[in-house]
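Q:
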Amino acid sequence: MRTRELPPPLPPAERTVGQFIAETIRAYGAHFWRALPLGAPLAIATQISLGRSANEWTIVLFALAPLIALAFVAACTLVLESARGTATTVVVALLVFAPIPILVRVFVLPAVAWLALFGLAVPAAAVERLGFRAALRRGRELATADYVHALGSLCALVIVIALSDLVLVSLLRSQGDSGQRIAHLLADVVLSPLLYIGGALLYLDQAARVGSRPHPERSRRDADLHPPVDADAAGRADPQVEP
Numbered sequence: 224m225r226t227r228e229l230p231p232p233l234p235p236a237e238r239t240v241g242q243f244i245a246e247t248i249r250a251y252g253a254h255f256w257r258a259l260p261l262g263a264p265l266a267i268a269t270q271i272s273l274g275r276s277a278n279e280w281t282i283v284l285f286a287l288a289p290l291i292a293l294a295f296v297a298a299c300t301l302v303l304e305s306a307r308g309t310a311t312t313v314v315v316a317l318l319v320f321a322p323i324p325i326l327v328r329v330f331v332l333p334a335v336a337w338l339a340l341f342g343l344a345v346p347a348a349a350v351e352r353l354g355f356r357a358a359l360r361r362g363r364e365l366a367t368a369d370y371v372h373a374l375g376s377l378c379a380l381v382i383v384i385a386l387s388d389l390v391l392v393s394l395l396r397s398q399g400d401s402g403q404r405i406a407h408l409l410a411d412v413v414l415s416p417l418l419y420i421g422g423a424l425l426y427l428d429q430a431a432r433v434g435s436r437p438h439p440e441r442s443r444r445d446a447d448l449h450p451p452v453d454a455d456a457a458g459r460a461d462p463q464v465e466p
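Following the numbering used here, the residues of the sequence shown are numbered contiguously, the last one being 466.
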């Protein structure tokens, strides 16, 4: 039985949310063993705070913020060509993650919206070798190129990870507290790297969208020109010739 070939993926500037999810999973599969340790920080946070209060969960996230920032930087260097993990990149990642423990307590959506707006500063710093302020400006520029795509892609990725986590936990969990902890540990280790890899790949989508937009200054300059077929184009007057 012959199977139909899948259509080629769209370029990053035209990539849909569904294709973004598919590319994230494909990239994770291609670097599975190297990406798997990236799930350790969130897995540790879950193990420490499991069964504890929201305040304790927030403190744990703040305490593990350096490890989470390093995991995001490592994901950028793993899936993005020419990306390098520098001290500036790590500091930018720490600043971007800093409000997340507070925002998550309100609701997940504000945290995702924050990451969609400023999270791209991390891969921008890693790929483009930008300084601290330049990376934050570049991250916001990338996000606003198509904020609907950035926010929708991260929201869809979070939903996929959350649903997959519930399925894995329900399959792996056995009776007793130890079984529940092991189930959460395995689910977090396996699934949380998708969030870092997706955040890194979103940089490619948004950078392509910035490049595809018409430059406003160029548009203004072109607007001041006469049409190329205008016979009376602006210029110096012809010199008068004596008869």
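Don't be surprised by glycine CBs; every beta carbon is placed ideally from N, CA and C.
If you run the structure through DSSP and keep just helix, strand and coil, what is P264?
A: helix
Q: Specify, as a first and last residue, the run of the alpha helix (DSSP H) that A336 falls within.
A: 331-341
Q: Roughly how many angstroms separate the alpha carbons of L265 and A292, rounded to a whole number?
A: 11 Å
Q: Please work out which residues of its chain come closer than 6 Å, Cβ to Cβ, to I420, disregarding the five sequence neighbours upstream and downstream, and give them in chain order.
A: T247, A250, Y251, A298, V302
Q: Mind reading off the beta-carbon distance from L317 to P289? Whole number of angstroms is fine, and I expect it under 8 Å.
A: Between P289 and L317 the Cβ distance is about 7 Å, and since that is below 8 Å, they are a contact.
Q: Could you check whether the stretch 251-260 touches the stretch 405-416, counting it as contact only if at least three pairs of C-beta atoms, one from each stretch, sit closer than 8 Å?
A: yes
Q: What's the C-alpha gap between L326 and T367?
A: Whole-angstrom Cα-Cα distance: 21 Å.
Q: I need the DSSP call for L233, collapsed to helix, strand or coil.
A: coil
Q: Can you list, in chain order, the residues of its chain with a C-beta nearer than 6 Å to that of F295? Leave out the 5 residues immediately preceding and following it.
A: A316, V345, Y419
Q: Within 10 Å of its beta-carbon, does S376 have 16 or more other beta-carbons around it, so buried, or fewer, so exposed?
A: buried
Q: What did DSSP end up calling G274 once you bin it into helix, strand or coil?
A: Correct three-state label for G274: coil.
Q: Less than 8 Å between the CB atoms is what I'm expecting for H407 and V392, so what's the real figure, rounded?
A: 6 Å
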